[in-house]
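In the numbering used here, the protein residues as written are 188 to 502.
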């Protein structure tokens with residue numbers, strides 16, 4: 188967990204990886220993947236288009252519910268670059284490239300230089316990072332904010348005298364929450380890690396809980412308007428059948444079936460989710476090579492070995 192400055196060779200490797208990541212993501216944006224997909228066009232015309240027409244909002248109830256940050260920034264990019272393949276994809280391309288140095292920074296802080304460089308090097312040409320960096324969706328922009336939050340919270344626990352660091356972490360966490368719905372898992376993840384430290388590493392927890400608390404309070408204050416807008420959208424959805432967080436309702440069918448006494452959809456969902464890492468992935472060709480698992484054979488072995496090692500060395 189070295190905190191020394193980056194050496195010249197580290198800078199050279201990292202800059203090379205970022206340039207490679209940028210090149211892989213910006214090359215032929217109209218041809219790979221070919222054309223525009225329906226979600227991209229919906230986002231650009233129905234959501235980003237609202238911002239371009241001057242209608243700013245804290246939450247888009249269209250398209251099953253969308254947070255505003257990606258579409259607001261996307262509107263600025265389209266206004267500057269134009270409505271073309273590069274302008275449509277540039278925000279995702281930049282987000283994907285930015286993920287590389289942030290992955291290195293977090294990996295280096297947690298596990299040292301070799302782990303950080305290896306993670307950044309493997310991420311640069313990885314299928315999932317490339318795919319989501321080359322389509323005009325908000326997914327790619329979440330990762331830089333999430334990585335910056337995790338890095339900042341961990342660093343704040345090591346340097347508690349830097350009082351502005353947790354505030355910056357709170358800003359990053361709030362930005363993530365304004366980007367994509369799945370970011371709502373970040374606060375529970377941070378709280379769960381805090382609980383782990385409180386139970387297993389109490390000395391570390393004493394230096395960690397204050398930065399965590401400040402981070403969460405800042406994020407809560409900044410996102411309060413978002414939650415109010417979502418609550419308003421939910422009340423409208425109750426009468427119109429559409430609106431805020433409709434996507435969550437669409438994906439919660441297994442849980443609703445489980446509550447109704449039918450566990451089969453839930454168990455099937457658990458089975459397929461656990462199998463996606465090594466056996467069979469998403470069959471939807473718009474978001475995957477049909478059936479491709481997250482990892483290949485070598486990656487799957489390393490993933491499960493690393494997971495087992497985490498449990499073995501949980502203390």
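Each residue gets a CB set at the ideal place from its N, CA and C atoms; glycine is no exception.
Residue 247, DSSP secondary structure in three states: The sequence position of residue 247 within the chain shown is 60, counting from 1. Three-state DSSP puts residue 247 in a strand.
Collapsed DSSP secondary structure at residue 503 in the structure displayed: Nothing can be reported for residue 503: it is not among the residues displayed for the chain, which extend from 188 to 502.
Per-residue DSSP class, three states only, for residue 450: By one-based count along the chain shown, residue 450 stands at place 263. Residue 450: coil per DSSP, three-state reduction.
Cβ neighbours of residue 398 in the same chain (closer than 8 Å, five flanking residues each side left out): If you number the chain shown from 1, residue 398 lands on position 211. Apart from the 5 residues on each side of it in sequence, residue 398 sits with its Cβ closer than 8 Å to the Cβ of 340, 343, 344, 347, 352, 353 and 356 in its chain, given in chain order.
Of the listed residues 400, 449 and 279, nearest to residue 331 (C-alpha basis): For the purposes of this step, residue 331 is taken as residue 144 along the chain shown, with counting starting at 1. Nearest of 400, 449 and 279 to residue 331, Cα basis: 279.
Backbone CA spacing between residue 464 and residue 241 [nearest angstrom]: On the chain shown, position 277 is the one that residue 464 refers to. On the chain shown, position 54 is the one that residue 241 refers to. Roughly 43 Å separates the two Cα atoms.
Enclosing alpha helix (DSSP H) for residue 344 [first to last residue]: Counting from 1 along the chain shown, the entry for residue 344 is found at position 157. Start and end: 326-345.
At least three beta-carbon pairs within less than 8 Å, the segment 275-289 to the segment 255-265: The segment 255-265 and the segment 275-289 touch, with three or more beta-carbon pairs separated by less than 8 Å.
Of the listed residues 479, 208 and 213, nearest to residue 467 (C-alpha basis): The count along the chain shown starts at 1 and reaches residue 467 at position 280. Looking at the Cα atoms, 479 is the closest of the given residues.
Reduced DSSP category for residue 432 - H, G, I as helix; E, B as strand; rest coil: Here residue 432 refers to the residue found at position 245 of the chain shown. Residue state, collapsed to three classes: coil.
Assigned secondary structure, residue 321 (DSSP; H/G/I helix, E/B strand, else coil): Against the chain shown, residue 321 aligns to sequence position 134. DSSP, read as helix, strand or coil, puts residue 321 in coil.
Cα-Cα separation between residue 496 and residue 247, rounded to whole angstroms: As a working mapping, residue 496 is identified with position 309 in the chain shown. As a working mapping, residue 247 is identified with position 60 in the chain shown. Each residue's CA atom was taken as its position, placing residue 496 and residue 247 some 42 Å apart.
Pairwise C-alpha distance: residue 326 and residue 272: By 1-based counting over the chain shown, the position of residue 272 is 85. By 1-based counting over the chain shown, the position of residue 326 is 139. Roughly 18 Å separates the two Cα atoms.
Of the listed residues 492, 473 and 490, nearest to residue 323 (C-alpha basis): Mapped onto the chain shown, residue 323 falls at position 136. Nearest C-alpha to residue 323: 473.
Residue interval of the alpha helix (DSSP H) (run including residue 473): In the chain shown, residue 473 corresponds to position 286, counting from 1. Segment: none, residue 473 is in no alpha helix (DSSP H) and carries neither H nor E.
Simplified DSSP state of residue 219, which is helix, strand or coil: Position 32 of the chain shown, counting from 1, holds the residue named residue 219. Looking at residue 219 - three-state DSSP - the assignment turns out to be coil, as it is neither helix nor strand.
Proximal residues to residue 435 (C-beta, below 6 Å), its chain only, five neighbours per side dropped: The residue labelled residue 435 in the question sits at position 248 within the chain shown. Closer than 6 Å at the Cβ level, and outside the excluded window around residue 435, lies no residue.
Cut-off 7 Å between Cβ atoms - residues of its own chain near residue 482, not counting five sequence neighbours on either side: Here residue 482 corresponds to residue number 295 of the chain shown, with the count starting at 1. Contacts found: 464, 465 and 490.
Beta-carbon gap between residue 299 and residue 307 smaller than 9 Å: For the purposes of this step, residue 299 is taken as the residue at position 112 of the chain shown. For the purposes of this step, residue 307 is taken as the residue at position 120 of the chain shown. Taking 9 Å as the cut-off, the beta carbon of residue 299 is found no closer than this to the beta carbon of residue 307.
Sub-9 Å separation of residue 402 and residue 377 beta-carbons: Position 215 of the chain shown, counted from the start, is the residue given in the question as residue 402. Position 190 of the chain shown, counted from the start, is the residue given in the question as residue 377. Using a Cβ distance threshold of 9 Å, residue 402 and residue 377 count as a contacting pair.
Status (buried if at least 16 other CB within 10 Å, exposed otherwise) for residue 388: Along the chain shown, read from residue 1 onward, the residue named residue 388 stands at position 201. It is exposed - the Cβ of residue 388 has fewer than 16 other Cβ atoms within 10 Å.
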